[in-house]
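Start counting the sequence shown at 130; every next residue gets the next number (my numbering).
Yeah, the Cβ is synthetic: ideal placement off N, Cα and C, and Gly gets one too.
The structure appears below as structure tokens.
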Amino acid sequence: MNGSIILIMAAAFFYMSATMMGTTLIVGYSHTLGASGEFAGIIAGTMNIVSLFCRPWAGRLSDRIPMKRFSTIAVLLMIAANAGYMVSPHASTLFAARIINGIGFSGLSVCLAAWMSSLIPLAHIGKAMGYYGLANALAMALGPAVGIRICASLGYRAAFAVTTAAMAAALVMVMLVRRGGSPSTPRTPTKESTPILMSTQQSQHPTFRDRIEQVISIRVIPVAAVFMLFAIPYCATQSYIVTYTQARHLPVNVSLFFPLYAVALLILRIAMRNMFDRRSFRWFLWFCAACMIVALSALAVLNDNGVLLIASIFMAASYGIMSSVSQSSAVRLAGTGHGGRGNATYYIGLDLGMALGPIIGGALYANVDLAWFYPILMLTMPIAIGIYLMTDRNRVDSSTRRP
């Protein structure tokens, strides 16, 4: 693993840690600035909504302009947004900063992933993106825990000063990267890396499908949809596990869940590092779906810290592993020179999962007996398998195995 790859992974860790820290604190901070409950929810969801609409254009730009320049612009937007959080005098300025954060987040997440994938031979993309996904997943687990602790000790503005500093650290990492960064970095083509369509420059009469392919990768949509269904129960848990355990008066130390998840994911990613390029997407789908069912079952019957440990381990083996498998499959399916669009389509699935998870969790929390909260979330897994069975399974499976 060379220095450029390590720097890109470090940048990913810093920006994602800060993003997840801010996401955890933004609702409470909005209330302190005078936002109503409804407006606080809008402020919290704005980043992902803006990001969702920006993803296709971010993917297209990543394939057309130098990635270092694009990453620098995106991270500067995120620094501005987090500085805006820190000094925001009222909720409306916080809302404006959240919009800026969404634009920067969509660009940086897509561009860094595309930049990373451009430096890796396709035969080893699964292993490499597994490490990249580990940096993101650890940030998603550790960011909220650190943010809550800082906020409890020093307050919201101090916590957002830390997120601003973390974004500045990500900028330094991006500026230090020397390798790659040019759009459409060439590599040896394989049958999995051949683009599905001719570019519109090669076709005098582009079809509607061609036009869609200019902004997202159609071949990646089934993978993104499957991953969205893994993200929904994870993000619902991320948003509601504290409220869920308090409402059910469960004798557990719920603050342990995400640190335990992070440790389990670290061990699993290292232990399984060589499997990402050898096992099919189907194998990982069945394995991760089974682990998700176990994790949600454990949360449904949660009664002590031992069961919480089981839930965190199996959540890491489901959502945590599937995130890397889906991202590496997206890169291969998109084809050479289309890593930006492939990653953008993958992140659309993540954005939808991050948005729908809390929404579905809130609807369940408000309308059903909490004993059914996690059993209902289990329905995402048969739906994910159903989507896979309705797609071109041979093509999706070939995107995971080494050529």
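query                                                                                                                           : result
Inter-residue spacing [alpha-carbon to alpha-carbon] between M401 and G163                                                      : 47 Å
Exposed unless 16 or more other CB atoms sit within 10 angstroms - verdict on S165                                              : exposed
Enclosing alpha helix (DSSP H) for Y158 [first to last residue]                                                                 : 132-161
Local Cβ density within 10 Å of T161, reported as buried at 16 or more and exposed below that                                   : exposed
N211 burial status per 10 Å Cβ neighbour count (16 or more: buried)                                                             : buried
DSSP three-state assignment for T474, whether helix, strand or coil                                                             : helix
Three-state secondary structure (DSSP) of F405                                                                                  : coil
Endpoints, alpha helix (DSSP H) assigned at I100                                                                                : Residue 100 is absent from the structure shown; the chain starts at 130 and stops at 532.
Coil, strand or helix - G213 by DSSP                                                                                            : helix
Check whether T509 and P362 have beta carbons under 8 Å apart                                                                   : yes
Coil, strand or helix - D480 by DSSP                                                                                            : helix
Residues near S489 in its chain [Cβ-Cβ closer than 7 Å; skip 5 each side]                                                       : For the sequence presented, residue 489 should be read as Ile rather than Ser. Excluding residues within five positions, the ones whose Cβ falls inside 7 Å are I361, A365.
DSSP state of E321 mapped onto helix, strand, coil                                                                              : Because the pLDDT of E321 is 42, which lies under 50, any placement of that residue in the model is unreliable, and the number read from its coordinates should be weighed accordingly. In this structure, E321 counts as coil in the three-state DSSP scheme.
Minimum Cβ-Cβ distance from G231 to chain D less than 8 Å                                                                       : Here chain D cannot be found, since the structure has a single protein chain.
Among F502, A225, Y390, the one whose alpha carbon lies nearest that of G449                                                    : Y390
Three-state class that DSSP yields for L300 in the structure shown                                                              : helix
Assigned secondary structure, P218 (DSSP; H/G/I helix, E/B strand, else coil)                                                   : coil
Selection from G174, S159, S191 that minimises the alpha carbon distance to T474                                                : S191
Status (buried if at least 16 other CB within 10 Å, exposed otherwise) for A375                                                 : Checking the sequence shown, residue 375 turns out to be Gln, not Ala. Result: exposed.
Whether V303 touches S235 by CB criterion (8 Å)                                                                                 : no
V301 burial status per 10 Å Cβ neighbour count (16 or more: buried)                                                             : exposed
Inter-residue Cα distance where the pair is V216 and I422                                                                       : 43 Å
S458, buried or exposed, once every other Cβ within 10 Å from all chains shown has been counted against 16                      : buried
Helix, strand or coil at V371 according to DSSP, with G and I counted as helix                                                  : helix
Cutoff 8 Å; reference Y285; Cβ partners in own chain excluding five residues on either side                                     : L154, G157, Y158, T161
Residues near A298 in its chain [Cβ-Cβ closer than 6 Å; skip 5 each side]                                                       : F143
Residue from A266, I279, A287 with nearest C-alpha to M444                                                                      : A266
Range covered by the alpha helix (DSSP H) that runs through I194                                                                : Run containing I194: none; DSSP gives neither H nor E here.
Beta-carbon spacing of A295, G276 below 8 Å                                                                                     : no
As assigned by DSSP and simplified to three states, the class of S165                                                           : coil
Contacts around S328, its chain only, beta-carbon distance under 7 Å, and the 5 residues preceding and following it disregarded : Because the pLDDT of S328 is 40, which lies under 50, any placement of that residue in the model is unreliable, and the question is left without a value.
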